[in-house]
Amino acid sequence: MDALLQHLVNGLVLGGTYALLGIGLTLIFGLMNVVNFAHGEFYTLGAYATFAALALAGLPFAGALALALAAGMALGALTERVLLRPLRHESIETVMLVMIGLWIALQNAELLVWGGVAKSIPHPFPTAPLTLGPVSIAPLRLAVLAAALALIAGAHLLIQKTRFGCAMRATFQDPDTAALMGVRIHRVRAATFALGSGLAAAAGALLGPIFLVYPSMGDLASLKAFSVVILGGLGNVWGATVGGLLLGVAEELGAGYVSSGYRDAVGFVIMILVLLLRPSGLFARAERVG
Amino acid sequence: MVRRSRPLILALAALALGLVALPADPARAQAPVKIGVIQPLSGPVAASGNYVRMGAEIARDWINARGGVLGRRLELVIEDNKSDPKEAASAAEKLIVRDRVPALMGAWGSSMTLAAMPKLEEYGVPMVVETSSAASITKRGNPWVFRISPPSEMEALGLEPYLPRLTIKKADFLAVNTDWGRGAITAFGDVLRKHGIAVGAVEFMDQAATDMNAQLTKIRGTGADTLFLTTSVEQITLVLKQAQEQRLQRRIITTGGSSSPDQLVKQAGAAAEGTYHIVFFMPWFPEAMPEPRLARAFVEEWQKRGYPFEGLTEGFRGHDGILTLVEAIRIAGRDEPKAIRDALWKVQLMGLNGPIRFEKDGPAGKESGQSRPSIFIVQIKQGKVTLPDFVARR
Chain A
982 MDALLQHLVN GLVLGGTYAL LGIGLTLIFG LMNVVNFAHG EFYTLGAYAT
1032 FAALALAGLP FAGALALALA AGMALGALTE RVLLRPLRHE SIETVMLVMI
1082 GLWIALQNAE LLVWGGVAKS IPHPFPTAPL TLGPVSIAPL RLAVLAAALA
1132 LIAGAHLLIQ KTRFGCAMRA TFQDPDTAAL MGVRIHRVRA ATFALGSGLA
1182 AAAGALLGPI FLVYPSMGDL ASLKAFSVVI LGGLGNVWGA TVGGLLLGVA
1232 EELGAGYVSS GYRDAVGFVI MILVLLLRPS GLFARAERVG
Chain B
5 MVRRSRPLIL ALAALALGLV ALPADPARAQ APVKIGVIQP LSGPVAASGN
55 YVRMGAEIAR DWINARGGVL GRRLELVIED NKSDPKEAAS AAEKLIVRDR
105 VPALMGAWGS SMTLAAMPKL EEYGVPMVVE TSSAASITKR GNPWVFRISP
155 PSEMEALGLE PYLPRLTIKK ADFLAVNTDW GRGAITAFGD VLRKHGIAVG
205 AVEFMDQAAT DMNAQLTKIR GTGADTLFLT TSVEQITLVL KQAQEQRLQR
255 RIITTGGSSS PDQLVKQAGA AAEGTYHIVF FMPWFPEAMP EPRLARAFVE
305 EWQKRGYPFE GLTEGFRGHD GILTLVEAIR IAGRDEPKAI RDALWKVQLM
355 GLNGPIRFEK DGPAGKESGQ SRPSIFIVQI KQGKVTLPDF VARR
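In the order they appear, the protein sequences are chains A and B. Just so you know, we're using our numbering here: the first sequence kicks off at 982 and counts up by one. Just so you know, we're using our numbering here: the second sequence kicks off at 5 and counts up by one.
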């Protein structure tokens, strides 16, 4: 029973980080229909930006988080302008190949700049865990979970409640009509990609201090993000949030009670089941086609 | 080739017909002796692979400063296996076929080495294995493989003399889910059981996994006193940090010799306090190594080049591997793959780790070479790497 409680807490905290990775990608993959294999590299960029800000420049943690977010958004906007806009009328496979190229290029650039040795980000939180009965949790992890939930809520409000969010939803539902209605769809596309990339960078900034920072750290993050997006349904921010938490708990329980050798398999088995049984995601509402 | 005993006219004819053939002889005497090196220079274990490369380059420069080998310059042809077994196999093929190297050193990880091995047999080129520790490497009947790193069985036996003083009653295992990790659990588990020590949880983690809380929660419930940890230094760092977050009270012993205690001190901080690490080179105490003068010179040269100190526990492997191959080429008297293979059996030298000499291992008639490396144990105390109290200084 004690172990079960600890597993559940571990799973929720881990799931919060998956959710944060997932919401950035659900905007890009779900709304923009870009199979963004480079998503993990924005996550890595955020982690390295945080490392530079905290360990090299000595900024406070909040400043580092803001810097990472800004760096991710800037690179995201640049990527959209240089790579995606000229390819807007190309097939999804062409765009996917370009993104794979970007993934490889960014990862090797990180290796060149930072070297292969993993880096550890110093953080201001105490290292002694908080203990509640049989459950212990590091203060840093709680802070990360809170920040992740705040970012998720912020993204949701931005999409659902603001004029920009309205323009965004309109653009991806029907670009031609939106353009005729006066929506500057180029800007909306650039802003959406920048927002998604910025969220990935923020995830990197939050998770960097918990884990380690190294050039290939984004690979696993990309995989998890795709699983979360598929679980939650394309373009569904709340779906991605719940999907992330579910994936975290499922993996944790799978590792705890089945076998830790199959930890990642648990996540992918769930993903395959969702694709077979509910292909538009766990939380998809009935949708009119055509 | 033109033989001098043949009539002059024949020589002239050959000269006229095949201009390439004659000048090749003096040119070959000047051409460098090549050794191919396969290491993970990018990807998750890139740091380790680059340290091995640096060590190999120090050995090369030292050998060239002493006049090279067979009177020729030594050249390393270095290929990146990208921490990926598939790439390791194609790197081996490229080095053998395109660069025509007569011998190889590689390929760091057990899975990478195992993937490159069929190519050695296919083309008949020997390889010195400098890091990999899966038992299967020398058991597959590949007579072109010569290993200077200890397989997990030897490492476990190396720990045996210390077991009484470690007073372990029950131990858990956490290892990376690869040939190496699974092999280490079997090897150390066998030695522990032989000494009447119970084995509790046996847990695995994916090579790229970053969150090990599930495994640690399970381990927390077993009531054991010791945790054996087998994985790369990156994952060791994460496990130590997460064990601290979960208040896991255990004596932690890392195996495999890739734990880089300095890097752990730097990156895991207080979480690394009190942990034990099995290592194959102790740059902190060169005087305690089997060949103190060589060890000190290597540590000094490494630092003079501005390489990070924490890389030394990997870098020595590159030095010893190249030294072994060069000695074999010297004994063979020529840089030809089969001659080098035969000469490797006659190599007897002192490397940084200690004596290197190959014994036969694997199925009869197709044995691989296995050296018996020295094994050391260190402890992190007050943020410093120390010799544990129970290890008497030599």
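Quick reminder that beta carbons are idealized off the backbone N, C-alpha and C, glycines included. This structure is a prediction, so every number in the text was calculated from the model and none was measured.
Query	Result
Is B:Lys270 helix, strand or coil when you go by DSSP?	helix
Quick one: complete beta strand (DSSP E) runs, 3+ long, within the region 147 to 219 of chain B?	149 to 151, 174 to 180, 202 to 209
Rounding to the nearest angstrom, what Cα-Cα distance links A:Gly997 and A:Gly1135 in this structure?	15 Å
Show which residues of chain A have a CB atom less than 8 Å away from the CB atom of B:Asp393.	Here the premise fails: no neighbours, minimum Cβ distance about 26 Å.
For a contact meaning CB atoms closer than 9 Å, what does A:Tyr1195 contact in chain D?	The structure shown contains no chain D; its protein chains are A and B.
On the criterion of 16 or more Cβ atoms from any shown chain inside 10 Å, does A:Pro1260 qualify as buried, or is it exposed?	exposed
Please decide whether B:Asn85 counts as near chain A, where near means a Cβ-Cβ distance under 8 Å.	no
Bridge partners for B:Lys385 per DSSP, in chain order?	B:Lys388
Which chain B residues are close to A:Leu1092, counting only those with a beta carbon under 8 Å from its beta carbon?	Ser46, Ala50
Would a check of beta-carbon distances place B:Leu233 closer than 8 Å to chain A?	no
With respect to the beta strand (DSSP E) encompassing A:Leu1111, which residues constitute its N-terminal and C-terminal limits?	1111 to 1113
Kindly say whether B:Lys222, judged by its beta-carbon, lies nearer than 8 Å to any beta-carbon of chain A.	yes
With a CB to CB cut of under 7 Å and the five nearest residues on each side skipped, what residues in its chain are close to B:Ala28?	For B:Ala28, the predicted structure reports a pLDDT of 44, less than 50, and the residue's modelled location is therefore unreliable. A value from the coordinates is still provided. Nothing meets the Cβ criterion.
When you compare the CB of A:Gly1242 with every CB in chain B, is at least one pair closer than 8 Å?	yes
Per DSSP, what kind of secondary structure is A:Tyr1195 in: helix, strand or coil?	coil
Chain A partners of B:Arg251, CB-CB under 8 Å?	Pro1110, Thr1112, Ser1117
Distance check for B:Asn85 and B:Arg32, CA to CA, integer angstroms please.	Annotation note: pLDDT 49 at B:Arg32 (below 50); position unreliable, coordinate value reported separately. Looking at the two C-alpha atoms, the distance is approximately 29 Å.
Counting only beta-carbon separations shorter than 8 Å, does B:Glu207 have a partner in chain A?	yes
Have a look at A:Gly1248 and A:Gly1216 and give me their C-alpha separation to the nearest angstrom.	20 Å
Rounded to whole angstroms, how far is the Cβ of B:Phe313 from the Cβ of B:Asp266, which I believe are closer than 8 Å?	6 Å
Give the secondary structure of B:Phe232 by DSSP, where H, G and I count as helix, E and B as strand, and everything else as coil.	strand
In chain B, which residues lie with their C-beta within 9 Å of the C-beta of A:Ala1036?	Correct list: empty, because the minimum Cβ distance to chain B is about 11 Å.
Look up A:His1272 in the DSSP assignment and say whether it is helix, strand or coil.	A question about residue 1272 of chain A goes unanswered here, because the residues of chain A that appear run from 982 up to 1271.
Which residues of chain B have a Cβ atom closer than 8 Å to the Cβ of A:Met1201, listed in chain order?	Sequence check: residue 1201 of chain A is Leu here, not Met. Chain B residues near A:Leu1201: Ala212, Ala213, Thr214.
Excluding the 5 residues preceding and the 5 following A:Met1077 in the sequence, name in chain order all residues of the same chain whose CB lies nearer than 6 Å to its CB.	Val1016
A:Ile1166 by DSSP, collapsed to three states: which one?	helix
So, for A:Val1210: in the same chain, excluding its five sequence neighbours on each side, which residues have a beta-carbon less than 7 Å away from its beta-carbon?	Gly1003, Leu1006, Thr1007, Phe1010, Gly1011, Ala1221
Please determine whether the Cβ atom of A:Leu1139 lies at a distance below 7 Å from any heavy atom of the ligand GTP.	Although the ligand GTP was asked about, the structure shown includes no ligands whatsoever.
Would the beta-carbon of B:Val133 fall within 8 Å of that of B:Gly319?	no
Cutting at 8 Å between CB atoms, please list the residues of its own chain near A:His1167, excluding the five before and the five after it.	Arg1066
Can you find the residues in the same chain that come closer than 6 Å, C-beta to C-beta, to A:Leu1048, ignoring five residues on each side of it along the sequence?	Ala1030, Ala1034
Determine the burial state of A:His1070: buried for a count of at least 16 other Cβ atoms within 10 Å of its Cβ, exposed for fewer.	exposed
Quick check: the Cα distance between A:Leu1227 and A:Ala1202, rounded to an integer number of angstroms?	16 Å
Please name the residue or residues paired with B:Lys38 in a DSSP beta bridge.	B:Glu79
Can a CB atom of chain A be found closer than 8 Å to the CB of B:Ala274?	yes
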